[in-house]
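As given, the protein sequences belong to chains A and B, one line each in that order. Under full-length UniProt numbering, the first residue of the first sequence is numbered 1, with each subsequent residue one higher. Under full-length UniProt numbering, the first residue of the second sequence is numbered 1, with each subsequent residue one higher. Glycine residues also receive a C-beta, built at the ideal position from the N, C-alpha and C atoms.
2 protein chains.
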Amino acid sequence: MQVVEQGGEGAAAGLTERQGAVLERALGLLVEGGEKALTTAGVARAANCSKESLYKWFGDRDGLLSAMIAYQAGKVRTVEAGAGALSAASLRRHLTVFARDLIDVLSGEVSLALNRLAIGQASREGAKLGRLLQERGRRQIGRRATALLEAGRKAGLIAFDDAEEAYGTLYGLIVSDMHLRMLLGEDRGALKKEFSPRAEKAVDAFLTLYGVES
Amino acid sequence: MQVVEQGGEGAAAGLTERQGAVLERALGLLVEGGEKALTTAGVARAANCSKESLYKWFGDRDGLLSAMIAYQAGKVRTVEAGAGALSAASLRRHLTVFARDLIDVLSGEVSLALNRLAIGQASREGAKLGRLLQERGRRQIGRRATALLEAGRKAGLIAFDDAEEAYGTLYGLIVSDMHLRMLLGEDRGALKKEFSPRAEKAVDAFLTLYGVES
DNA sequence: GGCGAACCGTACCGTACGGTACGCAATTTC
DNA sequence: GAAATTGCGTACCGTACGGTACGGTTCGCC
């Protein structure tokens, strides 16, 4: 077993290349046909491995699902915004970039499939997958946003008491109900096209609400 | 078969009381244990009816699921806001009531369970349940909101080009990512407590964005 | 060159579910 | 009061899945 510390595509905690490739194929199956299509036999066939290996590596089916979420989350690295001096224009630019990135992430095929998977499991087993997805996904991108907002406040461009709350407002302005509609099956492409232009308007609105007079 | 035109609890299209009671029990099972707990045998046992009757009434399992959504949607009647003359204060009051109602609906146990169900099925079968839920649920409450917004515009209190877009902004300000977090399994009560106070702030923000100077 | 670990392919087992069929009781209808 | 409809309870069937076991093969290691 060759443990790859630093695999080609963000291998996370002690996964071999082979195991990463298997998870990749499993994610493909999930995107194609939803949870129902994600059978252990199906994964083994698609990945050219044996079921026995799957159980050896991931324990059971739930372990496989958790590993898929962790693996995918490990691929998304939050870009650190250069914390240089912020001007009003550069803050607006950074916020707009963030808005577009957020829309891109949320409307991604794999992201949608994993969210559907976690939501489907939320009723039983204490929502283990949901918490995992939340911590590895939302928290990560939320940190990037709050860091940006804090920088804006430090530069005297925006004002708020609670960064989390301000981020919640920004998120709502950008996303509205787009995410839920996509999760319910509305066409990804169409919705993304509808919401992308609103990214700038959302930033405008946010700055109207939280911006300080110059 | 006694067809009840006007059952006690909003019987929709040609459902007998018995069938309504069965759907009620089925919804209970869904809330308790998620989709996995919603087996045909389980529903029959819980509702004291036979599987054969289930198939006679609803065709197959999917028909049962669709009937559950339609039945639940039929129970939610949108309250027509009295379209009297709006003042700035009454518009704000109506918007706040709407915000609280929206939070109540979205955080309802049955609503969450049905949304989870529809999202779980969204990958296959053309998202039939998702569309059903969308049309019977979101559209309904959206109409109420846009009507209120239009009334506010007519009264010269708020200004916007597209009522749908304005509603999207209002929705995002109120809900943010609360709905998704609840769908992922975060505690309903805690999240509702967290978001309820924000209803008024959301309305404030909305009026800041769309209100006209008096 | 032989040993052992990892692993693939396949077969197998128990279970649980969707859907159907049947026997019998209750209620309605003529 | 008999015939028919309705529907409950149960048993049954085929299938598909999660999980396990086993034989054969490759590959690294001493």
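- The region 44 to 56 of chain A makes no contact with the region 107 to 124 of chain A, as fewer than three CB pairs between them are under 8 Å.
- DSSP places Val76/A outside any alpha helix (DSSP H), giving it a letter other than H or E.
- Less than 9 Å separates the beta-carbon of Ala205/B from that of Leu209/A.
- For Val110/A, the enclosing alpha helix (DSSP H) has its first and last residue at Glu109 to Gly120.
- Residue burial is scored here from C-beta neighbours: Gly130/B has at least 16 other C-beta atoms within 10 angstroms and is therefore classed as buried.
- Residues of chain A whose Cβ lies closer than 7 Å to the Cβ of Lys154/B do not exist; the shortest such Cβ separation is about 23 Å.
- With contacts defined as CB atoms closer than 9 Å, Leu117/A and Ala67/A fail to qualify as a contacting pair.
- Counting only the Cα atoms, Val110/A lies some 19 Å from Asp177/B.
- Per DSSP, Val212/B lies in no alpha helix (DSSP H) and is assigned neither H nor E.
- Counting only residues of its own chain and dropping the five nearest sequence neighbours on each side, Leu173/A has a CB closer than 7 Å to the CB of Ala202, Ala205 and Phe206.
- Interface residue (Cβ-Cβ distance to chain B less than 9 Å): Asp177/A is classified as such.
- Here Val212/B is exposed: its Cβ has fewer than 16 other Cβ atoms, across all protein chains shown, within 10 Å.
- Taking C-beta separations shorter than 6 Å and ignoring five residues to either side along the sequence, the partners of Gln140/A in its chain run Thr78, following chain order.
- The beta carbons of Ser107/B and Ala155/B sit no closer together than 9 Å.
- Taking 9 Å as the threshold, the shortest C-beta distance from Asn115/A to chain B falls below it.
- Taking 9 Å as the cut-off, the Cβ atoms of Gln72/B and Arg181/A do not count as close.
- If you check the CB distance, Leu91/A and Ala151/A come in under 9 Å.
- Taking 9 Å as the threshold, the shortest C-beta distance from Ala145/B to chain A does not fall below it.
- Around the beta carbon of Gly63/A, fewer than 16 other beta carbons sit within 10 angstroms, so the residue counts as exposed.
- Straight across, the Cα-Cα distance linking Ala70/B with Ala145/B is about 21 Å.
- In its own chain, leaving out the 5 sequence neighbours on each side, no residue places its CB closer than 6 Å to the CB of Pro197/A.
- Separation of Gly142/A and Lys192/B (C-alpha to C-alpha, rounded to the nearest whole angstrom) is 20 Å.
- Leaving aside the five residues that flank Lys36/A on each side, none in its chain has a CB nearer than 6 Å to its CB.
- Around the C-beta of Ala26/A, 16 or more other C-beta atoms lie within 10 Å, and the residue is accordingly described as buried.
- Around the CB of Ala159/A, fewer than 16 other CB atoms lie within 10 Å, so the residue is classed as exposed.
- Positions of the alpha helix (DSSP H) runs, each at least 4 residues long and wholly inside the region 146 to 208 of chain B, are given as 163 to 175, 178 to 183 and 188 to 195 in order along the chain.
- Chain-ordered listing is empty here: chain B has no CB closer than 8 Å to the CB of Ser107/A, the nearest sitting near 14 Å.
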